[in-house]
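Residue numbers (my numbering), protein chains in the order written: chain D, 1 to 273; chain W, 1 to 150. Some notes on the structure that comes next.
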């Protein structure tokens, strides 16, 4: 483990993890995905001087952007984050020491992503009373276990709720009553809503305010990733946030770097969910 | 670090976020999409949007159409994310160019005919109208309903 955590190896580690994430977290267009997987596979097994060559990352960036740009309306936001990050890799590998570019851009990307997420949640107003989370608990199958075990909602009720939503689609203009929400679910939805607002605000502020606050930001982001992406497994998002978190870690923080590697491994547990 | 190394990517993030928020406000882009990091911020995700489509058959009867049946998956995802009048025009153009099959059971009268469907019994529609709707959740009354998007 020690060689993995050495400062001199960190930039290479970031590049190899980026290539691995691009391989693992699949894409929409099959033939383009094959080309990207091959390119990133080459990057993954390459010796340092090839891995750190800006032309390799320019090629990867072109492939990623070529795949994502036509589908800009419907690709997930983590694919935007990955697109930004491969551009950072191009910029960083043009320098002898890529780490200042990785650290700065990793920090700012995390800060901006969470700041924007926080602003959307606050401005649309569906988090103050837990409305959005309550609805998702009833309807989104990814929240089924939480709704059932923590919210105390019977599985039959969750099925009934989904059928009612379907009826609303098939009978436009007609209003349907949803099954009553348990007090436990209501309380849990409110608590989870406020927790989400708080943690996103803390992460955004900590990363944007600068180095002194970054320790809080790092641990907050690790907690966010581990708690969120195991319950709602958007593994691509967990992976790219983990890589950004690693990249943004200050030079002298070996323990934090180690923690990021553990977090990246834990994210993959989400495959079992 | 140079200015480009420091500010190129953050500027791009903010520029795209600004475009996204403008499209959300003006073109019915779902806040979940478009690079603004608004996912999980609202019930109005792309999957909550659907098309209410109706057509007139040769005897003048109005029939409801399952507009999404057989639709290209990428076009559907794109249209549900950015539910603009232009996407509706494209959908209507796609529906108008083909014929329809009666759905024996289910909640619509017709679906677009596939190439594998028998030629007999295909229905041609003289007029097709469509509109974007979305599922709306009322937390106060604990009710859910479909409502026109605009």
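All C-beta atoms, glycine included, are put in the ideal place defined by N, C-alpha and C.
(message) At a CB distance below 8 Å, what residues from the segment 67 to 101 of chain W approach chain D? Give them in sequence order.
(response) 74, 77, 78, 80, 81, 82
(request) Counting only runs of 4+ residues fully inside the segment 181 to 209 of chain D, write out the alpha helix (DSSP H) ranges in chain order. (result) 183 to 209
(message) I want to verify the contact list: residues of chain D whose CB lies under 7 Å from the CB of residue 133 of chain W, in sequence order.
(response) 172
(request) State yes or no: is the C-beta of residue 112 of chain W within less than 8 Å of the C-beta of residue 98 of chain W? (result) yes
(request) For residue 67 of chain W, name the three-state secondary structure that DSSP assigns. (result) coil
(request) Give the interface partners of residue 6 of chain W over in chain D, defined as CB-CB distance under 7 Å, in chain order. (result) 104
(request) Could you check the C-alpha separation between residue 126 of chain W and residue 58 of chain W for me, to the nearest Å? (result) 7 Å
(message) Does chain W have any CB closer than 8 Å to the CB of residue 97 of chain D?
(response) no
(message) Closer than 7 Å between beta carbons: that is the criterion. Which residues of the segment 102 to 125 of chain W meet it against chain D?
(response) 107
(message) Applying the 10 Å Cβ sphere with the 16-neighbour rule, what's the burial state of residue 134 of chain W?
(response) buried
(message) Can you pull out the residues from the segment 39 to 61 of chain W whose beta carbon lies closer than 7 Å to at least one beta carbon of chain D?
(response) 39, 41, 42, 43, 46, 50, 52
(message) What are the residues in the segment 7 to 18 of chain W lying within 8 Å of chain D by C-beta distance?
(response) 8, 9, 10, 12, 13, 14, 16, 17
(request) Tell me residue 102 of chain W's beta-bridge partners as DSSP assigns them. (result) W:110
(message) Against residue 29 of chain W, what residues of chain D qualify as contacts under a CB-to-CB distance less than 9 Å, listed in chain order?
(response) 73
(request) Kindly indicate which residue of D:160, D:191, D:187, D:232 has the alpha-carbon position closest to the one of residue 178 of chain D. (result) D:160
(request) Look at the Cβ atom of residue 59 of chain D, then the Cβ atom of residue 39 of chain D, and state whether they are nearer than 8 Å. (result) yes
(message) Could you give the first and the last residue of the continuous beta strand (DSSP E) run that contains residue 128 of chain W?
(response) 127 to 138
(request) Tell me whether residue 119 of chain W sits in a helix, a strand or coil according to DSSP, three-state version. (result) coil
(message) Using C-beta distances below 7 Å, list every residue in its chain close to residue 260 of chain D, excluding the 5 sequence neighbours before and after it, in chain order.
(response) 242, 245, 246, 249
(message) Below 8 Å on C-beta distance, what does residue 143 of chain W contact in chain D?
(response) 175, 176, 177, 178
(message) Looking at chain D, is there any beta carbon in it that lies within less than 8 Å of the beta carbon of residue 33 of chain W?
(response) yes
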